[in-house]
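Here the structure is laid out as structure tokens; the discussion comes afterwards.
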Amino acid sequence: MDIQVRVWRQSDPSDKGRMVTYDVKDISPDASFLEMLDVLNEKLILDGDDPIAFDHDCREGICGMCGMMINGVAHGPERATTTCQLHMRHFNDGDVIDVEPWRASAFPVVKDLVVNRGAFDRIIQAGGYITAPTGTAPDAHATPVPKPDADAAFEAATCIGCGACVAACPNGSSMLFTAAKVAHLGLLPQGQPERDSRVVDMLEAQDEEGFGGCTNMGECTTVCPKGIPLTLIGRLNNDYRKAMKKR
Ligand code: SF4
Ligand code: FES
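Quick note on numbering: UniProt numbering labels position 22 of the sequence shown as 22, and the sequence is numbered without any gaps.
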């Protein structure tokens, strides 16, 4: 496949940035989108140009690092995948593909396609923990967990913190992410002692970071690579109301 990519180039946070067009030739349809960028970067380096900065780590859909907007869609046209698991066969020979960083004020651009997602870390620091006694690990069956709760907690825990939900949301809201983090601990017996303070503190942290409010648009869940459901936002709101009543 021969394609053209128009990539957002921004040398540092103070640079205004611009789209730059590159030709990329002879790409296998079985290459991943990141491998296509690797090929382009090798050419840029050989030509003495600055390679395109983009985040990646696992390249197997579990670290959440490889976020970018592809043709205006978070993680690209396939939806519900990560960029590292998006393959070039989803594009056509001759296509012109726009590649941009996440666009959200809470995720400032560091360079090119790399954004700072430290805001997510600070939301987790505000409440994403449990109190547990130190010492030897308790017996695995010491605290029974009903199977439906275990399954729901596991589903919520699959959130990889990629930020696609924020990038897709017209409000730049992080509610799906926060809801997943609140639910995966709040559904388990071990998460009950901090259940009330967790939801209040994490929502306050979210607001302080400048994320927008949720208006139930639902764009977040359509791009979420882990299928985190909107129902978790309803659960979060419910937990928040109960916690505030007790104050
Ligand atoms: S909720 Fe989904 S889209 Fe949002 S950070 Fe978690 S995995 Fe990514
Ligand atoms: S590089 Fe880890 S999820 Fe894509």
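Ideal placement from N, C-alpha and C gives every residue a C-beta, glycine not left out.
Problem set entry | Helix, strand or coil at residue 117 according to DSSP, with G and I counted as helix | Taking the first residue of the sequence shown as 1, we reach residue 117 at position 117. In the structure shown, residue 117 sits in coil (DSSP, three-state: anything other than H, G, I, E or B).
Problem set entry | Proximity winner among 96, 89 and 169, relative to residue 105 (alpha-carbon distances) | Numbered from 1 along the sequence shown, position 105 holds the residue referred to as residue 105. That would be 169, whose Cα lies nearest to the Cα of residue 105.
Problem set entry | Near the ligand FES: residue 59 beta-carbon under 7 Å from a heavy atom | Along the sequence shown, one-based indexing puts residue 59 at 59. Within the cutoff, so yes.
For this session: Just grab the DSSP bridge partners of residue 8 for me.
Result: Residue 8 sits at position 8 when you count from the first residue of the sequence shown. DSSP, once it has assigned bridges, lists 19 as partnering residue 8.
Problem set entry | Close beta carbons around residue 63, own chain, < 7 Å, minus the five adjacent residues each side | On the sequence shown, residue 63 is found 63 positions in, with the first residue counted as 1. So the qualifying residues of the chain are 57 and 160.
Problem set entry | Contact the stretch 119-135 vs the stretch 176-196: 3+ CB pairs below 8 Å | Yes: at least three Cβ pairs fall under 8 Å.
Exercise. How about residue 130: is its Cβ closer than 7 Å to a heavy atom in the ligand SF4?
Worked result: Position 130 of the sequence shown, counting from 1, holds the residue named residue 130. Checking the Cβ of residue 130 against the ligand SF4 gives no.
For this session: Could you say which of 20, 15, 39 and 223 lies nearest to residue 28 if we only look at CA atoms?
Result: Here the question's residue 28 lines up with position 28 in the sequence shown. If we check each option's Cα against that of residue 28, 39 comes out closest.
For this session: Report the rounded CA-to-CA distance for residue 91 versus residue 30, giving the unit in angstroms.
Result: Taking the first residue of the sequence shown as position 1, residue 91 is located at position 91. Taking the first residue of the sequence shown as position 1, residue 30 is located at position 30. The alpha-carbon atoms of residue 91 and residue 30 are separated by roughly 11 Å.
Problem set entry | Cα-Cα separation between residue 312 and residue 82, rounded to whole angstroms | The requested residue 312 is not part of the displayed model; the chain covers only 1 to 247.
Problem set entry | Rounded Cβ spacing between residue 156 and residue 183 (contact assumed at less than 8 Å) | Counting from one through the sequence shown, the residue named residue 156 turns up at place 156. Counting from one through the sequence shown, the residue named residue 183 turns up at place 183. The Cβ separation is near 4 Å, so the contact holds.
For this session: For the beta strand (DSSP E) containing residue 97, list its first residue and its last residue.
Result: Position 97 of the sequence shown holds residue 97. First-last of the beta strand (DSSP E) with residue 97: 96-100.
For this session: Taking the CB atoms as reference points, tell me whether residue 21 and residue 9 lie closer together than 8 Å.
Result: In the sequence shown, residue 21 corresponds to position 21, counting from 1. In the sequence shown, residue 9 corresponds to position 9, counting from 1. Against a cut-off of 8 Å, the Cβ pair of residue 9 and residue 21 comes out as no contact.
For this session: Over the uninterrupted beta strand (DSSP E) stretch that includes residue 111, give me the two end residues.
Result: Your numbering for residue 111 matches position 111 in the sequence shown. It spans 109-111 - the beta strand (DSSP E) in which residue 111 sits, taken as one unbroken run.
For this session: Provide the residue span of the alpha helix (DSSP H) that contains residue 54, from first to last.
Result: Indexing the sequence shown from 1 puts residue 54 at position 54. Segment: none, residue 54 is in no alpha helix (DSSP H) and carries neither H nor E.
Problem set entry | residue 296 versus residue 42: straight-line alpha-carbon distance, rounded | Here the chain comprises residues numbered 1 to 247, so residue 296 is not present and cannot be evaluated.
For this session: Could you round the C-beta distance between residue 68 and residue 100 to whole angstroms and report it? I think they count as a contact, below 8 Å.
Result: Here residue 68 refers to the residue found at position 68 when the sequence shown is read from its first residue. Here residue 100 refers to the residue found at position 100 when the sequence shown is read from its first residue. At roughly 7 Å, the Cβ-Cβ gap stays under 8 Å, so residue 68 and residue 100 are in contact.
Problem set entry | Segments assigned alpha helix (DSSP H), at least 4 residues, entirely inside the stretch 110-189 | 118-127, 147-157, 164-168 and 175-186
Exercise. Going along the chain, which residues of its own chain have a beta-carbon closer than 8 Å to the beta-carbon of residue 54, five neighbours each way excluded?
Worked result: Position 54 of the sequence shown holds residue 54. The answer, listed in chain order, is 34, 37, 66, 68, 112, 113 and 114.
For this session: Please confirm whether residue 205 and residue 123 have their CB atoms less than 8 Å apart.
Result: Taking the first residue of the sequence shown as position 1, residue 205 is located at position 205. Taking the first residue of the sequence shown as position 1, residue 123 is located at position 123. Yes, Cβ-Cβ distance for residue 205 and residue 123 is below 8 Å.
Exercise. Beta-carbon separation of residue 164 and residue 74 under 8 Å?
Worked result: In the sequence shown, the residue the question calls residue 164 occupies position 164. In the sequence shown, the residue the question calls residue 74 occupies position 74. It is a contact, given that the beta carbons lie within the stated cut-off.
Exercise. Is the beta carbon of residue 20 within less than 7 Å of some heavy atom of the ligand SF4?
Worked result: As a working note, residue 20 is residue 20 in the sequence shown. Flag unset: Cβ of residue 20 not near the ligand SF4.
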